[in-house]
Structure formats: C-alpha cells, structure tokens
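Asks: Numbering (our numbering), first residue to last: 7 to 113.
My questions will all concern the structure given below.
Below you can see the structure in the form of structure tokens.
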C-alpha cells in the first residue's frame with residue numbers, strides 16, 4: 007500500500023501552486039461553456055445525438071474511437087460538442103467503432 011508523502015510547502019511550491027490555481031480559474035468559464043455544449047449536443051433527439059450518447063457510453067478511449075473511424079481526435083471532439091458535422095460515411099464508421107446498433111437497442 008502506498009504511504010502518503012508529506013512535502014513541505016516551500017515558497018517555490020507555493021508559487022507553482024498559485025500559478026496553477028490561477029490558470030485553472032481562468033480556464034473554468036470556457037470549460038463550463040464546453041460542458042454545456044457537450045450536454046446540449048448529446049441530448050439532441052437526432053441520429054447524431056444518439057451516436058454522441060453511444061460514444062460517451064462506450065468503454066473505448068476517444069482517441070481509439072477517432073482512429074477506428076479514420077478521423078482526428080479534434081474532429082471527434084468538435085462533433086461531440088456540436089461544433090462540427092460529419093459526412094455520413096464518417097458517421098457510419100463512428101457507429102461501427104462503438105457498436106452503435108447494439109447501443110441504440112439499449113437506450
């Protein structure tokens with residue numbers, strides 16, 4: 007079992023921690039907007055919305071799903087957030103990557 011290691015908070019560590027906190031705080035509004043877009047896009051009652059839900063429920067990593075569909079991870083992320091549409095052949099490959107027909111029957 008791993009033991010917890012206590013490290014003293016040196017001024018250097020304090021400065022690094024404070025910088026990381028500020029960066030995280032600055033990113034939070036954008037992350038909240040992205041989360042809202044992801045939620046909204048996945049709730050669509052469309053084929054794309056159902057596919058997005060199947061992708062989110064898949065046990066496969068997003069990078070693995072993107073590779074199986076022959077698209078970049080950026081393209082997949084933009085599809086999931088509703089910022090990008092995809093050609094029907096790409097949607098077919100995404101569906102195959104997450105066994106979409108089986109996922110649909112479980113919804």
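For each residue, glycine too, the CB sits at the ideal point set by N, CA and C.
Values in this document were obtained by computation on a predicted structure and should not be read as measured data.
Tell me, to the nearest whole angstrom, how far the beta carbon of residue 87 is from that of residue 43; I am working on the premise that it is less than 8 Å.
Replies: With 8 Å as the limit, residue 87 and residue 43 qualify as a contact, their Cβ atoms being about 4 Å apart.
Asks: Using beta-carbon positions only, say whether residue 77 and residue 104 come within less than 8 Å of one another.
Replies: Result no, Cβ atoms of residue 77 and residue 104 do not sit closer than 8 Å.
Asks: Pick out the complete alpha helix (DSSP H) segments inside the stretch 59 to 102, 4 residues or longer, and give them in chain order.
Replies: You should have 68 to 75, 79 to 86.
Asks: What three-state label does DSSP hand residue 14 in the structure shown?
Replies: If DSSP states are grouped into helix, strand and coil, residue 14 belongs with coil.
Asks: Roughly how many angstroms separate the alpha carbons of residue 29 and residue 36, rounded to a whole number?
Replies: Looking at the two C-alpha atoms, the distance is approximately 12 Å.
Asks: Would you say residue 57 and residue 97 are within 8 Å of each other, going by their C-beta atoms?
Replies: In contact: residue 57 and residue 97 (Cβ atoms closer than 8 Å).
Asks: Please classify residue 202: does DSSP put it in a helix, a strand, or coil?
Replies: It is not possible to answer for residue 202, since the shown part of the chain is limited to 7 through 113.
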